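Residues in the sequence shown are numbered from 1 upward in steps of one, following this note's numbering.
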Amino acid sequence: MKTAYYTLARLWGAGAVLFCLRLVQNRTGFDPETGLALPSAAGTALAAALVLLAVLELILVRRQSRERVSFTSHFSLPGRRSLTVLAVGCMLLAAGGCLLALDGFTSGGVAAIVTGLLALASAGGLLVLTKRFRAGEVPGVAPVLPAMFFGVFLVLTVYLPAANDPVLPRYYLQILAAAIAAYAFSQLAGFLRRESRPRTFTVLADLAVMLCLAAMADGGRAVVLLFGGCAALLTVFRLLQRAWDLPEAEEENALGEAESEA
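Below, the structure is given as structure tokens:
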């Protein structure tokens, strides 16, 4: 339990710091007349923090298993609190999807429409996945497929409007957050086919949570809801992970070396 609270505080605390840095950068790091990027302490600190957090994640997972495991063996059954957060995450995802789809119908943006509809399907699919898992069934990959495609189309939704924008600092954070979230959802689906590794999912889920929280400083209502939903959902699955340290053979070797040294 202490580990879960520590992980939650670390991820959301770091995400809050990144959010504040991005907010300051948006207000002071761009010329109000030309829109060009200006030298910004907040922007520099944000980029440095992203690199440091990525390195820290790689250090923290160095003892986790690199073996491919199944979904049912890797995740614990969600309790009442986890179910509440998961339901909130699905509601945020569905609400953001509705707003984005409506915006797409208004502006004629096909990517926005598809992303919005996939967000709705993702929310329903993850609820179905959780229900089957709690019922003791071995869930298939189908409920998570909408989330995988949603992540891909979210990248397109945030990239296409900025494709011709030469000012990279203005939009890189949202694209990075969407890409990492898409990768994290694909790894989540991979557990259902015994194709994902705990170490890889942990790094991606942690980074996705922090980046999604930071990217909420950039967007309108739909983007804020979508990134908030992704952060909440990936946080739940991150905290439901069982403790996967070194494989048994590696642990035995480590114990043997320790005993010989003693």
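Just so it is clear, CB atoms sit at the ideal spot from N, CA and C, and this is done for glycine as well.
Quick caveat: nothing in here was measured; it's all calculated off a predicted structure.
Hey, would you say residue i sits closer than 8 Å to residue j, going by beta carbons?
i      : j      : result
LEU100 : GLY116 : yes
PHE150 : SER107 : no
LEU160 : ASP218 : no
ARG66  : ARG194 : no
ALA222 : ASP103 : yes
CYS230 : ALA181 : yes
LEU225 : LEU92  : yes
LEU240 : PRO78  : yes
ALA47  : MET210 : no
ARG81  : SER196 : no
ALA87  : ALA119 : no
ASP206 : LEU11  : yes
ALA232 : VAL61  : no
Return the chain-ordered list of same chain residues with a C-beta closer than 6 Å to the C-beta of residue i, the five sequence neighbours on each side being excluded.
i      : result
LEU154 : THR115 and ALA178
PHE201 : GLN187
PHE227 : CYS212, ALA215 and MET216
ALA162 : TYR171
PHE185 : ALA147, MET148 and GLY151
PHE191 : PHE71 and HIS74
GLY97  : GLY116, ALA119 and LEU120
ARG238 : ALA205
Given residue i, which residues of its chain have a CB within under 8 Å of its CB, disregarding the five upstream and five downstream residues?
i      : result
ALA45  : LEU21
LEU58  : VAL203
LEU129 : PRO139, PRO143 and VAL144
GLU261 : Unreliable placement is indicated for GLU261, whose pLDDT of 41 sits below 50; no coordinate value is reported for it.
Would residue i be called buried (16 or more neighbouring beta carbons within 10 Å of its own) or exposed?
i      : result
VAL144 : buried
GLY109 : buried
ALA208 : buried
THR3   : exposed
LEU52  : exposed
GLY125 : buried
LEU56  : exposed
GLU252 : Only weak support is given to the placement of GLU252: the predicted model assigns it a pLDDT of 38, under 50, and the value that follows is read from those uncertain coordinates. It counts as exposed.
PHE105 : exposed
TYR6   : exposed
ARG134 : exposed
Could you spell out the range, first to last residue, of the alpha helix (DSSP H) harbouring residue i?
i      : result
SER107 : 80-107
ARG197 : It is not in any alpha helix (DSSP H) - ARG197 carries neither H nor E in the DSSP assignment.
SER73  : 71-74
PHE268 : Absent from the structure is residue 268, since the part of the chain shown begins at 1 and ends at 262.
GLU57  : 41-60
LEU240 : LEU240 -> no alpha helix (DSSP H), and no H or E assigned at all.
TYR172 : 172-191
PRO146 : 145-159
Using a Cβ-Cβ cut-off of 7 Å (strictly less than) and excluding sequence neighbours within five positions of residue i, which residues of its own chain qualify?
i      : result
GLY43  : GLN25, GLY29 and PRO169
LEU156 : ALA111
ASP31  : LEU38
LEU127 : CYS90
ILE113 : ALA101, GLY104 and PHE105
ARG132 : PRO139
Validate contact between the segment 29-44 and the segment 163-174 using beta carbons, cut 8 Å, 3 pairs: yes
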